[in-house]
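Below is one structure, written out as structure tokens; the observations come after it.
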Amino acid sequence: RIADVDYDRENPRTKERALPKGRIRKSYYIIFLILSVLLFIFSCIMLNRLALILSPAALLIVFFYSYTKRFTIFSHFFLGLSLSLAPIGAWVAIREEISIVSIVLGLAVIFWLAGLDIIYSCQDVEFDKSHGLFSFPAKLGIERALRLAAIFHVIMTLFLFSLFFIGNLGLLYLGGIILIAGLLYYEHSIVRPDDLSKVNVAFFNVNGIISIGLMLMTILDIIY
Numbered sequence: 015r016i017a018d019v020d021y022d023r024e025n026p027r028t029k030e031r032a033l034p035k036g037r038i039r040k041s042y043y044i045i046f047l048i049l050s051v052l053l054f055i056f057s058c059i060m061l062n063r064l065a066l067i068l069s070p071a072a073l074l075i076v077f078f079y080s081y082t083k084r085f086t087i088f089s090h091f092f093l094g095l096s097l098s099l100a101p102i103g104a105w106v107a108i109r110e111e112i113s114i115v116s117i118v119l120g121l122a123v124i125f126w127l128a129g130l131d132i133i134y135s136c137q138d139v140e141f142d143k144s145h146g147l148f149s150f151p152a153k154l155g156i157e158r159a160l161r162l163a164a165i166f167h168v169i170m171t172l173f174l175f176s177l178f179f180i181g182n183l184g185l186l187y188l189g190g191i192i193l194i195a196g197l198l199y200y201e202h203s204i205v206r207p208d209d210l211s212k213v214n215v216a217f218f219n220v221n222g223i224i225s226i227g228l229m230l231m232t233i234l235d236i237i238y
């Protein structure tokens, strides 16, 4: 939010947010950011050596993402990469290792978020073009970008399905993958090139169900 505040002030979709509107001072954001970084590093110190070693790379990726839309259409993948650090980081925190399971799950997150961010970016096509910002929708057009997002979500589903074998998971997990595939299909059915009115439903509501649903089905599969 700090990196994009000048763009957010000019974008009709984001100009009412707290920072561009001035409801929260920029200095407060910076203080919160510094405290968050310090807490993150302290947490890594308390966890294990590998977590501490990898912490600078994690911070670099997250901070770098904020600027990628200025020079590459692959900014969607950098968002996915930033969020893929969550499952990989959780694995490092608990097991002090990076395993094939955590990497595959991270890859699933990358394609999930890349596809999702493409859908969300369809709302800003004209703004991005006029301000020299990069995105797949601005480069390819909304229709082709939405097709690409659907392909990314198919790839995501395949990565999750591969974990059924790699992670030696059971039928409850497999049922969760089928549920996710159905929800992703629904997500893409309600967002069309000529009707973006339900982008927020797809982005927030449907994907909230997907993430919670996958978590619950995986937990139940492991327990039972």
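Everything in the sequence shown is counted per my numbering, starting at 15 for the first residue and increasing by one.
Each residue gets a CB set at the ideal place from its N, CA and C atoms; glycine is no exception.
Listed in chain order, the alpha helix (DSSP H) elements of length 4 or more contained wholly in the stretch 40-73 are 40-61. A straight line joining the alpha-carbon of Leu121 with that of Ile87 spans about 19 Å. Taking a C-beta distance under 9 Å as the contact criterion, Leu130 and Ala163 qualify as a contact pair. By the criterion of a C-beta distance shorter than 7 Å, Ile156 is surrounded in its chain by Cys136, Val139, Pro207, once the five residues flanking it on both sides are discounted.
Asp138 has no beta-bridge partner at all, per DSSP. In the DSSP assignment, Arg206 forms a beta bridge with Asp209. Where Ile233 is concerned, the enclosing alpha helix (DSSP H) starts and stops at 221-237. Ranked by Cα distance from Leu97, the first of Phe175, Leu73, Tyr81 is Leu73.
Ranking Ile59, Asn62, Tyr21, Ala17 by CA distance to the CA of Ile44 puts Ala17 first. Under a 10 Å Cβ-count criterion, Gly94 is classified as buried, with 16 or more other Cβ atoms of the shown protein chains found around its own Cβ. Within the model, the alpha-carbon separation for Ser89 versus Val123 is close to 15 Å. The distance from the Cβ of Lys40 to that of Leu49 is about 15 Å, inconsistent with a contact at the 8 Å cut-off. Look at Ile194 here: in three-state DSSP terms it is helix. Looking from the CA of Ser225, the closest CA among Leu119, Val115, Ile114 belongs to Leu119. For the pair His145 and Glu24, the CB atoms are nearer than the 9 Å cut-off. The continuous alpha helix (DSSP H) containing Lys153 extends over residues 150-154.
Taking one beta carbon from each stretch, the stretch 194-203 and the stretch 108-116 have fewer than 3 pairs nearer than 8 Å; the two do not touch. In this structure, Ile75 keeps its C-beta atom at 9 Å or more from the C-beta atom of Leu66.
Nearest neighbour of Met60 by Cα position, chosen from Val106, Lys83, Asp235, Leu193, turns out to be Val106.
Distance from Leu174 to Asp235 at the Cβ level is roughly 13 Å; contact not present, criterion being Cβ atoms closer than 8 Å. In this structure, Ile194 is the residue among Cys58, Ser211, Ile194 with its C-alpha nearest to the C-alpha of Ile223. Here the alpha carbon of Val215 sits roughly 17 Å from the alpha carbon of Thr28. Burial state of Pro151 is buried, judged by a 10 Å Cβ sphere holding 16 or more other Cβ atoms.
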